[in-house]
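So for the sequence shown, the working numbering puts the first residue at 15; every next one is plus one.
Structure, as structure tokens:
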Amino acid sequence: MIMKWIVLSLSLAFVPSLVVAQPNLLTTLEQAQQCRDIESKLERLHCFDSVLNTPVISNLLIGNEVVQYPPSWIRAVNSEKNRGEKEGFILNQQDEGNDFSRMWLTVTAINVSSQSKTQLAPILMLSCFEKITRIQLILPHPIKAGKVTVSIPGSPVVTQDWISDDSGYLLRSGRGIPAIDAIKAMISAPQLILRSDIAGIDNVEFDNKNLAEAIKPMREICRW
């Protein structure tokens with residue numbers, strides 16, 4: 015009993031020193047709790063970014079305007095910047111050899127008008143994260159629509175509703191089976207030309223000649 019009292023006394027003696035030594039930690043935790051009450055996903059993520067100093071949104075200066083892009087947008091753009099002379103879909107991998115290895119393939123639209131070739135074109139990104147298949151369309155300009163109907167040529171043609179994120183710069187299909195169905199259509203399509211009810215997405219074409227081969231490692235990781 016005496017020993018328990020001594021241990022308890024020593025433990026309590028350290029509490030004030032911990033609180034005094036880490037006042038910023040308590041403040042950070044309180045601020046993080048406040049972030050949870052923010053309804054907007056983008057604003058909530060930005061709040062956690064500011065409080066915890068772990069950025070989840072990247073800021074880029076476009077002209078005189080600071081634009082916030084989601085991490086997937088940055089990942090796809092960086093992939094295309096590093097493609098070199100490669101054509102078609104290019105494969106990227108993180109944590110190679112790990113059961114939870116992440117893979118993503120990207121390709122830039124090929125039917126960009128001559129006036130805008132110096133600007134960013136739409137990028138199609140297919141990925142396997144946490145063994146879940148995903149499709150994301152990276153956009154050079156934000157859209158206001160929260161949901162966009164997209165048709166993918168193939169055998170058969172696949173028509174789906176893709177969802178925009180809060181930034182408007184990214185469209186995504188449903189994860190898992192819907193994404194797999196869409197990718198299979200992309201593989202079988204003679205020409206990968208998206209059809210949509212939104213200008214800037216309709217008639218966007220991607221080079222899919224090497225997709226069937228390039229996606230094999232990703233299919234193995236995602237097990238389909």
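Each residue gets a CB set at the ideal place from its N, CA and C atoms; glycine is no exception.
In this structure, does DSSP put residue i in helix, strand or coil?
i, result
"E121", "For the record, residue 121 in the displayed sequence is Val; it is not Glu. Correct three-state label for V121: strand."
"V91", "helix"
"S86", "helix"
"D195", "helix"
"V70", "In this prediction, V70 has a pLDDT of 43, which is less than 50 and means its spatial position is unreliable; what the coordinates show is noted afterwards. Looking at V70 - three-state DSSP - the assignment turns out to be coil, as it is neither helix nor strand."
"L225", "helix"
"E44", "helix"
"R148", "strand"
"R235", "According to the sequence shown, residue 235 is Ile rather than Arg. In this structure, I235 counts as helix in the three-state DSSP scheme."
Looking only at C-alpha atoms, which of the options sits nearest to residue i?
i, options, result
"Q174", "I215, A226, A196 and Q108", "A196"
"R89", "G102, I137, A123 and R50", "I137"
"L151", "S181, K145, A228 and A203", "S181"
"I191", "T122, R148, F103 and A123", "R148"
"I146", "L208, F220, A46 and S187", "S187"
"Q82", "L153, E101, Q107 and W176", "L153"
"S86", "L140, S202, R237 and L208", "L140"
"S210", "I157, S115 and S202", "I157"
Below 6 Å CB to CB, which residues in the same chain sit around residue i once its five sequence neighbours on both sides are set aside?
i, result
"M232", "M117 and C142"
"H155", "none"
"N125", "E219"
"P37", "Caution is warranted here: a pLDDT of 49 is assigned to P37, below 50, making its placement in the model unreliable, and the coordinate value is therefore given only provisionally. No residues qualify anywhere along the chain."
Roughly how many angstroms lie between the CA atoms of residue i and residue j, to the nearest whole one?
i, j, result
"A159", "I215", "12 Å"
"D109", "I235", "12 Å"
"V218", "R50", "38 Å"
"V171", "P204", "12 Å"
"T163", "I212", "8 Å"
"L92", "W176", "The question names Leu, but residue 92 in the sequence shown is Asn. Cα to Cα, N92 sits roughly 23 Å from W176."
"W96", "I194", "Position check: residue 96 holds Asn in this sequence, whereas Trp was assumed. Answer to the nearest angstrom: the Cα atoms are 26 Å apart."
"E99", "E144", "30 Å"
"L208", "Q48", "41 Å"
"K230", "K198", "12 Å"
"S115", "S202", "26 Å"
"R189", "L43", "32 Å"
Tell me which residues share the same chain as residue i and place their Cβ nearer than 7 Å to its Cβ, disregarding the 5 neighbours each side in the sequence.
i, result
"M200", "I166, G168, L206, N222 and L225"
"E94", "T120, T122 and I137"
"P84", "I71, D179, S181, Y183 and L184"
"A228", "G102, F103, L105 and L119"
Using 9 Å as the limit for Cβ to Cβ distance, is residue i near chain B?
i, result
"L119", "Although the question refers to chain B, the structure presented lacks it and comprises just one protein chain."
Ignore the nearest five residues each way along the sequence and tell me which others in residue i's own chain have a CB closer than 8 Å to its CB.
i, result
"R237", "K145"
"K161", "D175, W176, I177 and S178"
Segments assigned alpha helix (DSSP H), at least 4 residues, entirely inside the stretch 153-209: 191-202
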